[in-house]
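One structure is given below, encoded as structure tokens.
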Ligand code: TGC
Ligand code: FAD
């Protein structure tokens, strides 16, 4: 049987000539890093529930921490370069991308956008260097999709705030040096005016701040996930983000992180697709490679088509983001579409590999399990459907 070289996804998407030299360089250097330093250990890290903290200095050197922020030692990448870099990380493992998303979009971004100058100088340069690691505490055991129902409270006491409550499912928490914690406060001492949400920079070492690890995850095992337990935790005024009040604060950070995830999830999908093509071209059943079977080709074509469509969508949206024209609804569309398809592609690839599809020797089952979390976090697939449903009909169906 004559078997020609396969057409690459990159040739089919054909955005290479639309990238700047700097964007290509950033993508290629992260690609090398992931393939040389991470992938040889990926299966073992997943099995051992270990995030590779030893790789943080190199990630920092490549400008991946707070990559798209300007100043304070950050790399100031454009949205396309940032998206491509995250996609290469997620080609390795969603846990690697999660680490960078949380550090940059969910912890450094709120300080960069809503912090005062003193807070920015105190935290951002060290975070860009990977010397201080951050996490983001919004979700609670009884408050996930509906973060406005949170019950973590901050009560003022002189120049300090006393925080009580618990946050759940917090990426990076077990080894983080600081947490951006969102908590409810009563506005104004006298009138007990309306309740609002504020952001607190809680530092490791403050009394009453604990971050027990969540064990037993079957997904994102190479990412450290923890709780944040706050028991009469005293946080000084100097650690309150002055520039934001209300749920719009944390949600604006999610816009940043969700954009990165939409772009990056395609990295996991590409890894699954490439593995499936290569496997199907060499696995012989009924006397021919299974890639010669029309049912297998139909599956590979669907996978490739959805990756190309997702890539074109995010590339366009990333250019819009660089012009400050990307809306939260567009971010929801991209997150829902790309993560939904990445998960579906991983499941199809798993099937194409047959029994081998469940072995950690191949990246597919690891990506598939990871993507189950990516489907749920940063707004579940249903939440993004309802955000779009509300925008398209004008009716809130939450
Ligand atoms: P709603 O009344 O719609 O809005 C409340 C206020 O927020 C404003 N707002 C936004 N602002 C900026 N960006 C957005 N995307 C915004 N969406 C809403 C809105 O204008 C309003 O402002 P104001 O001034 O009028 O008060 O709020 P709601 O309570 O009805 O909830 C809306 C809903 C359900 C869409 C929202 O709560 C939501 O997105 N829920 C999902 C929660 C979520 O995504 N959690 C993620 C936690 S972090 C995480 O998962 C990290 S994983 C990281 C990793 O490892 O990679
Ligand atoms: P729920 O909100 O209880 O939802 C359960 C189901 O009900 C879902 O299918 C949901 O779509 C559906 N549902 C809910 N409301 C509606 C509705 N109105 N209509 C229809 N269906 C609905 N959070 C952080 O704050 N920081 C982090 O760093 C972080 N990292 C995470 C890491 C991992 C590995 C995971 C798994 C989660 C992480 N999260 C984090 C939490 C994540 O954001 C939440 O899990 C997510 O927002 C969903 O909340 P929930 O799990 O409480 O599910």
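Numbering (the working numbering), first residue to last: 7 to 404. Positions of the beta carbon are idealized from the N, C-alpha and C atoms, including for glycine. Just so you know, these numbers come straight off a predicted model, no measurement behind them.
Boundaries of the beta strand (DSSP E) in which residue i is found, first to last residue
i: residue 141; result: 140-143
i: residue 206; result: 201-209
Distance between beta carbons of residue j and residue i, contact taken as under 8 Å
i: residue 279; j: residue 351; result: 6 Å
i: residue 283; j: residue 257; result: The pair is not a contact, with the Cβ atoms about 39 Å apart (cut-off 8 Å).
i: residue 302; j: residue 358; result: 6 Å
i: residue 177; j: residue 108; result: 5 Å
i: residue 311; j: residue 97; result: Actually they do not touch by this definition, with Cβ atoms about 19 Å apart.
i: residue 33; j: residue 90; result: 4 Å
i: residue 115; j: residue 75; result: 7 Å
i: residue 295; j: residue 48; result: Actually they do not touch by this definition, with Cβ atoms about 26 Å apart.
i: residue 269; j: residue 324; result: 7 Å
i: residue 24; j: residue 44; result: 28 Å between Cβ atoms; not a contact.
i: residue 165; j: residue 243; result: 5 Å
i: residue 337; j: residue 380; result: Not quite, the Cβ-Cβ distance comes to about 15 Å (not below 8 Å), so this is no contact.
i: residue 80; j: residue 130; result: 7 Å
i: residue 68; j: residue 104; result: Actually they do not touch by this definition, with Cβ atoms about 17 Å apart.
Per-residue burial, residue i [other beta carbons within 10 Å of its own, 16 or more giving buried]
i: residue 366; result: exposed
i: residue 99; result: buried
i: residue 72; result: buried
i: residue 390; result: buried
i: residue 404; result: exposed
i: residue 339; result: buried
i: residue 373; result: buried
i: residue 320; result: buried
i: residue 248; result: exposed
i: residue 384; result: buried
i: residue 66; result: buried
i: residue 225; result: buried
i: residue 263; result: buried
i: residue 9; result: exposed
i: residue 215; result: buried
i: residue 292; result: exposed
i: residue 26; result: exposed
i: residue 94; result: buried
i: residue 266; result: buried
i: residue 222; result: exposed
i: residue 327; result: buried
i: residue 14; result: exposed
i: residue 342; result: buried
Start-to-end residues for the alpha helix (DSSP H) that takes in residue i
i: residue 308; result: 300-328
i: residue 60; result: Element bounds for residue 60: n/a, residue is neither H nor E.
i: residue 16; result: 15-19
i: residue 122; result: First-last for residue 122: undefined, no H or E at that position.
i: residue 9; result: Unbroken run through residue 9: none, as it is neither H nor E.
i: residue 382; result: 370-382
i: residue 38; result: 27-39
i: residue 397; result: 387-399
i: residue 341; result: 334-358
i: residue 51; result: 48-53
i: residue 367; result: Here residue 367 belongs to no alpha helix (DSSP H), and DSSP marks it neither H nor E.
i: residue 403; result: Here residue 403 belongs to no alpha helix (DSSP H), and DSSP marks it neither H nor E.
i: residue 102; result: 100-107
DSSP beta-bridge partners of residue i
i: residue 159; result: 170, 190
i: residue 291; result: 294
i: residue 242; result: 166
i: residue 234; result: 173
i: residue 216; result: 235
i: residue 405; result: Absent from the model: residue 405. The displayed extent of the chain is 7 to 404, so no value can be given.
i: residue 149; result: 146
Contact test: residue i Cβ vs the ligand SAH heavy atom, cutoff 6 Å
i: residue 266; result: Of the ligands this structure carries, namely the ligand TGC and the ligand FAD, none is the ligand SAH.
- Message: Taking contact to mean 3 or more Cβ pairs, one atom from each stretch, closer than 8 Å, check whether the segment 227-244 and the segment 199-215 are in contact.
- Response: These segments touch.
- Message: Closer than 8 Å is the cut-off here; do at least three beta carbon pairs connect the segment 172-188 with the segment 145-162?
- Response: yes
- Inter-stretch contact at 8 Å, needing at least 3 Cβ pairs: the segment 378-393 / the segment 283-292: No: the two stretches stay apart, fewer than three of their Cβ pairs being nearer than 8 Å.
- Query: Touching or not, the segment 109-129 and the segment 43-60, by the rule of three or more beta carbon pairs under 8 Å?
  - Reply: At 8 Å Cβ cutoff, the stretches do not touch.
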